[in-house]
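Top to bottom, those sequences are chains P and H. Using numbering that gives the first Met the number 0, read the first sequence as starting at 0 and increasing by one per residue. Using numbering that gives the first Met the number 0, read the second sequence as starting at 0 and increasing by one per residue.
Number of protein chains: 2
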Amino acid sequence: MSPDHLTTTFAALADPTRRAILARLVSGESSVTRLAEPFEMSLPAISKHLKVLERAGLIARGREAQWRPCRLEAGPLKEASDWIEHYRRFWEQSFDRLEDYLREMQKGVQKKEKKDGSKKQRRH
Amino acid sequence: MSPDHLTTTFAALADPTRRAILARLVSGESSVTRLAEPFEMSLPAISKHLKVLERAGLIARGREAQWRPCRLEAGPLKEASDWIEHYRRFWEQSFDRLEDYLREMQKGVQKKEKKDGSKKQRRH
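Here you go:
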C-alpha cells in the first residue's frame with residue numbers, strides 16, 4: 000500500500016461531518032438527501048464531503064441516474080487500522096504503567112491508613 | 000472524547016513524513032537532529048511537523064533545555080483505533096464476500112474442467 004493512500008484515508012477521516020456520514024452509512028446505503036438531513040449544511044457542501052470520501056475509497060455510489068445511493072466501503076479503514084495496530088503495544092504499555100502507578104498509590108494510602116490507625120490505637 | 004480530538008489526530012496522521020517520524024520513535028526517544036536525519040528536509044520543516052504531532056498529543060518532548068528529546072505518546076492512537084474498530088465487521092464482511100466469490104469461481108472452473116474432461120472422454 001502506498002503511503003499516499005493512507006494519507007488520503009486519514010485526511011478524509013480528519014473531519015467530524017465526514018466521520019458522521021460514515022457512521023450514518025453503517026445502517027445501510029442512503030441517498031444524498033437523506034444523508035444530508037441531520038446536518039445544518041447545504042446539499043453542495045455535503046456533496047463536497049461525499050466527494051472527499053469517494054476519492055478516499057471510503058464510500059461508493061450507485062450508478063442509477065436519479066438516485067445515486069452512497070454505501071460504506073471499509074477497505075481503507077482496514078488499512079488504517081493495520082497501520083495503527085503497530086502502535087498497540089505502546090498504548091497498552093501506558094495503561095499498564097498507569098495501572099502500576101494506581102496500584103502503588105493505593106498501597107501507599109493503605110499503608111498510611113494502617114499507620115494512622117496504629118497511632119490512634121497507641122494514643123487511646 | 001470530543002470529535003475535534005479525533006480530527007486533530009487524523010489530520011496529524013495524514014502526512015507521510017509525520018507517520019515516518021512516529022515510526023522512528025518506536026525504537027525510543029530521539030533528538031530532533033537525529034529524527035531529521037533520514038528526511039530530505041530542513042530542520043525548521045521537521046520542527047513544524049513535530050509541532051503538529053505534539054499538538055495532537057502523539058509525541059511529547061523532554062524539558063532539558065539543550066536536548067529536548069521526542070518520545071511517542073500512543074493515547075490518541077488508541078482513540079483513533081477505537082473509532083475505526085466500529086467498522087471492523089464491514090471489512091471482515093467484504094473479505095468474507097470476496098472469499099465466497101473466489102470459492103464459487105473455483106467451483107465453476109472445476110465444474111467446467113470436469114465437463115470438458117468428460118467431453119474429451121466421449122470423443123475418444
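All C-beta atoms, glycine included, are put in the ideal place defined by N, C-alpha and C.
For residue 115 of chain H, not one C-beta of chain P is nearer than 8 Å to its own C-beta.
In terms of beta-carbon proximity, residue 80 of chain H lines the interface with chain P, with at least one pair separated by less than 8 Å. DSSP places residue 60 of chain P in the strand class (E or B) of the three-state scheme. For residue 18 of chain P, no beta strand (DSSP E) encloses it; the enclosing alpha helix (DSSP H) starts and ends at 15 to 24. Interface flag for residue 74 of chain H against chain P is set, since a Cβ pair is found closer than 8 Å.
For residue 72 of chain P, the closest C-alpha among the options P:25, P:7, P:16 is that of P:25. Counting every other CB atom within 10 Å of its CB across the protein chains shown gives residue 75 of chain H a total of 16 or more, marking it as buried.
Where residue 70 of chain H is concerned, the enclosing beta strand (DSSP E) starts and stops at 69 to 71. Contact fails between the stretch 45 to 58 of chain P and the stretch 88 to 100 of chain P, because fewer than three Cβ pairs, one in each stretch, are under 8 Å apart. Residue 114 of chain H and residue 108 of chain H have their C-alpha atoms some 10 Å from each other. Under a criterion of Cβ atoms nearer than 8 Å, the residues of chain P adjacent to residue 10 of chain H are, in order, 9, 10, 13. In this structure, P:31 is the residue among P:31, P:81, P:19, P:80 with its C-alpha nearest to the C-alpha of residue 61 of chain P.
Between the alpha carbons of residue 36 of chain H and residue 9 of chain P lies a distance of about 25 Å.
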